[in-house]
Amino acid sequence: MNFPSFGFGSPWVLLLLLALPLWWVARRRRPPSAIVFSRAGTLAESPRRGQWVPRLLFLVRNLAIAGLVIALARPRSGGRTEESLSDGIDIVIAFDLSSSMLAEDFQPENRLEVARAKIKQFITMRKNDRIGVVAFSGEALTQVPLTTDYPVVLAAVDNLQPGQLEDGTAIGTAIATAANRLRSAPGRSRVIVLLTDGVNNRGAIDPRTAAQAAGQFRIKVYTIGVGSRGLAPVPVGRGLFGLRYENRPVEIDDSLLTDVARMTGGRYFRATNAQALDEITREIDRLERTPARTHTYTRYTELFRWPLGAAVLALFMELGLLAWRAPLL
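Following my numbering, the numbering of the sequence shown begins with 635 at its first residue and continues without gaps.
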């Protein structure tokens with residue numbers, strides 16, 4: 635027995651209410667008692683005085699029984715379980731935090747700030763996807779495991795800064811760390827979005843070997859090379875007025891990133907400016923769509939206290955009537 639906003643946890647208990655009409659019929663067929671008054675004075679005053687007492691007792695007794703049965707049936711409101719099909723993906727974003735991400739070839743911001751803004755925009759476009767974050771430079775570290783708590787993911791991306799890890803670019807370690815987070819994920823679609831601006835120069839794991847292992851777990855790797863072509867102002871140290879920059883050649887291993895993506899069924903993108911990076915994140919969003927079954931749970935508000943309270947009140951009324959003018963039954 636369910637209604638849009640009301641139902642019973644154990645509706646079969648309500649069958650006990652059918653015993654009440656049977657009791658009524660049996661009571662009507664029972665011969666009336668010869669004496670229905672407990673006090674002779676009452677009988678002397680009036681033959682009809684006090685006849686309402688047995689009727690009221692019968693009424694409150696029915697109310698008490700009905701209240702107890704309804705309470706046992708667990709009335710509740712506001713809850714339901716829904717099952718629906720939605721598009722869900724398990725995604726780990728591997729974000730490069732090497733010092734070269736401070737290069738200022740994405741004017742007016744550096745690579746880090748532009749990449750951070752576009753990745754946050756990519757996260758806000760997701761729905762029903764579980765997202766994790768892995769930061770890497772000379773080593774890799776999981777910042778956020780897979781979750782649908784997008785505010786937590788966005789806060790973690792906001793806190794990413796060069797210098798948090800040993801400097802360098804360990805692409806293979808980043809892929810292996812992200813793949814380790816995804817290999818036991820329950821979803822059918824698993825994706826690594828790896829964003830870097832350099833070449834692999836640190837770590838004990840070869841990027842192609844890590845990509846091959848990720849492919850064995852059916853994990854796709856989408857690689858993004860962040861950086862303009864030619865020369866870019868790159869930080870080389872600190873001076874009296876902050877970071878000191880020098881124009882140096884932009885080195886991104888396009889061949890390696892292309893191989894990593896191809897080996898896993900993903901794609902490689904080269905982002906030479908903020909607009910290109912924006913288009914890349916939108917294209918990745920369009921590429922990966924896999925139906926996933928989800929459940930929506932709403933907590934019930936238990937209402938058994940109301941019928942139980944009514945039953946207790948009716949019981950006390952019956953006891954009070956019996957103490958005041960108890961008929962002989």
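C-beta atoms are modelled at their ideal positions from N, C-alpha and C, and glycine is treated no differently.
Beta-bridge partners of residue i, as assigned by DSSP
{"i": "D730", "result": "F770"}
{"i": "I765", "result": "I725 and T781"}
{"i": "T830", "result": "G859"}
{"i": "N881", "result": "P867"}
{"i": "L794", "result": "In the DSSP output, where bridge partners are listed per residue, L794 has none listed."}
{"i": "Y902", "result": "T857"}
{"i": "R872", "result": "L877"}
{"i": "E738", "result": "Bridge partners of E738: none, in fact."}
{"i": "E936", "result": "R710"}
{"i": "E952", "result": "DSSP output for E952 lists no bridge partner at all."}
{"i": "V825", "result": "I725 and K854"}
{"i": "T807", "result": "Looking at the DSSP assignment, T807 forms no beta bridge with any residue, so it has no partner."}
{"i": "L775", "result": "A769"}
{"i": "E743", "result": "F740"}
Nearest-angstrom Cα separation, counted from residue j out to residue i
{"i": "I669", "j": "P688", "result": "Since pLDDT at I669 reaches only 49, below the 50 mark, its modelled position is unreliable, and no value is offered."}
{"i": "A974", "j": "F642", "result": "Residue 974 is absent from the model: the chain starts at 635 and stops at 963."}
{"i": "V694", "j": "A944", "result": "10 Å"}
{"i": "P709", "j": "L651", "result": "15 Å"}
{"i": "R760", "j": "T781", "result": "12 Å"}
{"i": "W940", "j": "R663", "result": "33 Å"}
{"i": "N636", "j": "S711", "result": "Its pLDDT being 43, under 50, N636 is placed unreliably in this model, and the coordinates cannot settle the point."}
{"i": "M951", "j": "Y784", "result": "56 Å"}
{"i": "R878", "j": "V768", "result": "28 Å"}
{"i": "N762", "j": "I723", "result": "8 Å"}
{"i": "L736", "j": "T892", "result": "24 Å"}
{"i": "Y902", "j": "V855", "result": "9 Å"}
{"i": "L746", "j": "F938", "result": "57 Å"}
{"i": "D912", "j": "R817", "result": "28 Å"}
{"i": "T935", "j": "F640", "result": "9 Å"}
{"i": "A751", "j": "T811", "result": "23 Å"}
{"i": "L956", "j": "L690", "result": "11 Å"}
{"i": "D953", "j": "A660", "result": "It should be noted that the sequence gives Leu, not Asp, for residue 953. If you take the alpha carbons of L953 and A660, they lie about 23 Å apart."}
{"i": "Q741", "j": "A838", "result": "34 Å"}
{"i": "D888", "j": "A910", "result": "16 Å"}
{"i": "I753", "j": "L731", "result": "14 Å"}
{"i": "L949", "j": "W958", "result": "14 Å"}
{"i": "R904", "j": "P883", "result": "16 Å"}
Best match in the options for proximity to residue i [C-alpha to C-alpha]
{"i": "A618", "options": "R896, L947, Q741 and E936", "result": "Residue numbering for the chain in the displayed model covers 635 to 963; residue 618 lies beyond these limits and cannot be assessed."}
{"i": "S733", "options": "D724, L788 and R872", "result": "R872"}
{"i": "N881", "options": "A804, T892, A751 and P869", "result": "P869"}
{"i": "W658", "options": "V647, F692 and L648", "result": "F692"}
{"i": "P645", "options": "A812, I704 and F756", "result": "I704"}
{"i": "I765", "options": "T892, E773 and Q777", "result": "Q777"}
{"i": "L829", "options": "T915, D919 and W958", "result": "T915"}
{"i": "I858", "options": "A838, P883 and L890", "result": "L890"}
{"i": "V647", "options": "A700, V833, A845 and G837", "result": "A700"}
{"i": "Q755", "options": "L690, D730 and I918", "result": "I918"}
{"i": "R896", "options": "Q846, N793 and N744", "result": "Q846"}
{"i": "T898", "options": "L949, T843, L702 and G876", "result": "T843"}
{"i": "P820", "options": "D888, I853 and T758", "result": "I853"}
{"i": "E885", "options": "D739, A660 and R661", "result": "D739"}
{"i": "G900", "options": "A957, R920 and T758", "result": "R920"}
{"i": "T758", "options": "Q741, N744, L788 and D888", "result": "L788"}
{"i": "A866", "options": "W958, I753 and E743", "result": "E743"}
{"i": "L702", "options": "L649, L731 and P779", "result": "L649"}
{"i": "R815", "options": "R904, G797 and P779", "result": "P779"}
Cβ pair residue i, residue j closer than 8 Å
{"i": "I826", "j": "V726", "result": "yes"}
{"i": "N696", "j": "L656", "result": "no"}
{"i": "A908", "j": "F851", "result": "no"}
{"i": "D801", "j": "S771", "result": "yes"}
{"i": "T906", "j": "R836", "result": "no"}
{"i": "F729", "j": "L799", "result": "no"}
{"i": "P841", "j": "V894", "result": "yes"}
Contact belief for residue i with residue j at Cβ below 8 Å, rounded distance in angstroms
{"i": "I809", "j": "A848", "result": "6 Å"}
{"i": "V791", "j": "D831", "result": "With a Cβ gap of about 16 Å, V791 and D831 do not count as contacting."}
{"i": "A774", "j": "T807", "result": "4 Å"}
CB contact below 8 Å: residue i versus chain C
{"i": "P655", "result": "No chain C appears in the structure shown, which is made up of a single protein chain."}
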